[in-house]
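Okay, so here's the structure we're looking at.
Numbering (the working numbering), first residue to last: 199 to 837.
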C-alpha cells in the first residue's frame, strides 16, 4: 500500500511499471470495464445489486469477442440458399448471445460490516427465490438490460452497414427477466466448466486453466474436434498422428480411475480445500468424466460426446444454491476463508463480500466481477489497508485480472459525500495506462493531509481546555454559544477518531491471530514433510555439524535418490527457518502498532472525558444565563 514513507524511499516521479493500467495496456492481464457512481448512502447497496445483474457485452478487439460477419459467413456456408437478411439476423442474435457476460462470480469489498452482511444477504435471498426481494430488483434490472442489449445490438448491426439509430432503438423490447434462473444457469456453466477442464487435463496431461480459457472463449468445440480426429486414427493409423498427440493418447493405456484420482489429488487446491461433502461430490464427477474419456480413447472412439452430452450439475446436491453468497472479514476463521475461496474458484459459490482480509495477497481465477462499496467514514482511517483507502483501487480491482481470457467488470459505488474531495481512489484512475501511479499518490497525499487536520483537533482541544480555566465569567458569557458549538464539533471528531482507533486496534489484533494461525499451519505442514523425508534417510545415519545442520554424507552423494531427498530436507528446513524469522518480525511489528494504538486510545479517551465535562459546565452556564435573561425580560415586561 503506497505511503509517504515509501515515496520518500523511492524518490522521483511515480512509476507505472507495475500498475494495473500499464499491465492491461501491455496485455499481460485481463482488461477491465469500469463502472463508477457517487450515490446517496441509502442507494449504495441497491445500485450494486441492480447493476450486478445488468449484462455487459464483449466488444470488437476484446479477447473472446465473436464477430457477426464471420458468423454470417459460416451460416451461409452451412445452409445453401438461405436469404441474406435471415443469415444476418441470425448472426447478430448468435453474436449477441456469445458476447454477453451475465451473473459472473463476484468479489465484493466494503469496510462496513453491516454493508457486507446486507449485500451478501440480498444475493442469497435472490438465489433462494425470495419473491419479495426478486420483485424489488427485477424491474430495474430489465430496464438496464434493455439499454445494454440495445447498445450491443446496434454495434453488431452497424458492422453490416449504416443503421437509423433512433428507429433501431424502438425495436429492442424490454426483456423478460428471471433472476433465479439466470443465477442457476450461470452457476451450472461455471461448475460444468470446472469439471470438464479438470477431467480433460487429467486425460491429456494439460493445464486445467488453459482448457477453461478455451471454453470461455468458445474454442473448446474446436479443441475437442481436433482430438476426435486424432483418436479416430489411434491404433490403426498411428503414423498419421503428430507425435505430441500420439504420446498423450498412448499414456491413456496405463490410466485407470485409481491413477486419475492420484493425479487429481496431486493438483491440490482448490479442490483439496473444499468442504468434505463438496470435495467428494466434485471429485466423483471429474473422475467419472475422465474415466469415460479414457475408455473412449482406448477404444479409438470420439470423446466430444462425453463433454458436450454431460448432464447439468445438480446445484442442490452440490450445495451450490445454499452457498451462493457470503460475507467474511478479518474475524472469520482461516479454514472458512480457505473453503469459500475454493468454492468460488470451482463455481460452487458466486459471491464473497469481504473487507481487507481478501483484498491483500489473494489471487483468484475467473473472477469477472468486482464490486467496491465506499461507505462514508467520518474520519480518515488510521489503518492504511482499509477498502476506503488506497486499497480500494489496485488491490481490490486486481482480484479479477489473473486470467486474460475475457473482459472483467469492476463496479465502484461511492458515498456522494466523498465527491470532489480526492480521498477515494477510483477504478478509472486505477486503470489509467499513463497516470495511475500519479493519481494513486495524489489520493494518498490528500488522505494524509486530511488525517493530519483531524489529528490536530486533539492537540487543539487540549489547548482550549487549559485556556477555559483562565476566562473570567464576563469573558465567557459573550461568545458562550459559539464556544459550545465549537466544542461539540471537536468532540464529535474526537469521538470518530476514537471509534476508528478502536476499529484499527481490533483489526491489528485479528491480523496477529491470523498471521500466527497461518504460520502454525504452514509450520506443521513443513515439519511433517521434513519428518517424512528424514525417514527415507534413516538407512544411512547423517553426521551433525557444529551449527547443528546435517552435512552431506558421502553415501548420499553416491546415490542420486538419497541425495535428492537430502537436498529437499535442507531446503525445507531453510524455508521453515526463514518463515519463522519473518513471522516473528511481522508479529513484533504488529505488537508495536497495537501498543501505539492503545496509547492513542487512552489519550483520546482522557481528552474526550475532559472535554465532555467542560461541555456540561458550559451548557449549565448557558442555561443559567438564559434564565437570568428571562428574569430580566419579565421585569421589563412588567414595567
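For every residue, glycine included, the Cβ atom is placed at its ideal position computed from N, Cα and C. Since the model is a prediction, treat every value here as computed from it, not as a measurement.
- Secondary structure of residue 571 (DSSP, three-state): strand.
- Within the model, the alpha-carbon separation for residue 612 versus residue 618 is close to 11 Å.
- Just so you know, the alpha carbons of residue 370 and residue 652 end up roughly 53 Å apart.
- Per DSSP, reduced to three states, the secondary structure at residue 297 is helical.
- Looking only at 692, 346 and 785, the smallest Cα-Cα distance to residue 716 is reached by 785.
- Our two residues, residue 270 and residue 284, have alpha carbons roughly 9 Å apart in a direct line.
- Within the same chain, and ignoring the five residues on either side of residue 286 in sequence, the residues whose Cβ sits closer than 7 Å to its Cβ are 270 and 358.
- Between residue 462 and residue 485, the C-beta gap is smaller than 8 Å, which places the two residues in contact.
- Exclusion of the five residues before and after residue 396 leaves 406 and 484 as the residues of its chain whose Cβ lies within less than 6 Å of its Cβ.
- Non-local C-beta neighbours of residue 467 in its own chain, meaning closer than 7 Å and more than five positions away in sequence, comprise 540, ordered along the chain.
- For residue 268, the closest C-alpha among the options 281, 256, 297 and 289 is that of 289.
- The residues 428 and 431, in chain order, have a CB closer than 6 Å to that of residue 439 in the same chain once the five nearest residues on each side in sequence are set aside.
- With a cut-off of 8 Å on Cβ pairs, the stretch 528 to 543 is not in contact with the stretch 333 to 345, counting fewer than three such pairs.
- Going by beta carbons, residue 767 and residue 802 fall outside the 8 Å limit.
- Look at residue 307 here: in three-state DSSP terms it is strand.
- Collapsing the DSSP output to three states places residue 476 in a helix.
- Straight across, the Cα-Cα distance linking residue 402 with residue 487 is about 13 Å.
- In summary, residue 411 is buried, with 16 or more beta-carbon neighbours lying within 10 Å of its beta-carbon over all protein chains present.
- Note that the C-beta distance between residue 620 and residue 644 is below 8 Å.
- Beta-bridge partners assigned by DSSP to residue 231: 607.
- Around the Cβ of residue 379, a 10 Å sphere holds fewer than 16 other Cβ atoms; the residue is exposed.
- Residue 709 is positioned such that its CB atom lies closer than 8 Å to that of residue 788.
- Restricting attention to 236, 385, 298 and 537, the CA atom closest to the CA of residue 354 is found in 298.
- Taking all protein chains shown into account, residue 762 has fewer than 16 neighbouring C-beta atoms within 10 Å of its C-beta and is therefore exposed.
- When the Cα atoms are used, residue 292 and residue 309 turn out to be separated by approximately 41 Å.
- For residue 549, the enclosing beta strand (DSSP E) covers residues 549 to 552.
- Of the candidates 630, 607 and 534, the residue whose Cα lies closest to the Cα of residue 566 is 607.
- Excluding five sequence positions before and after residue 489, the CB atoms of its chain that fall closer than 6 Å to its own CB belong to 455, given in chain order.
- The beta carbon of residue 465 sits closer than 7 Å to none of the beta carbons in its chain outside the five residues before and after it.
- Proximity to residue 513 across 385, 552 and 503 peaks at 385, based on C-alpha coordinates.
- At a Cβ-Cβ threshold of 8 Å, residue 625 and residue 610 count as neighbours.
- In terms of Cα proximity to residue 389, the closest of 274, 515 and 307 is 515.
- Ranked by how close their Cα comes to the Cα of residue 245, the residues 336, 703, 398 and 416 have 336 in first place.
- Counting only the Cα atoms, residue 692 lies some 20 Å from residue 573.
- Of the candidates 433, 564 and 441, 433 places its Cα closest to the Cα of residue 499.
- 8 Å or more divides the Cβ of residue 795 from the Cβ of residue 731.
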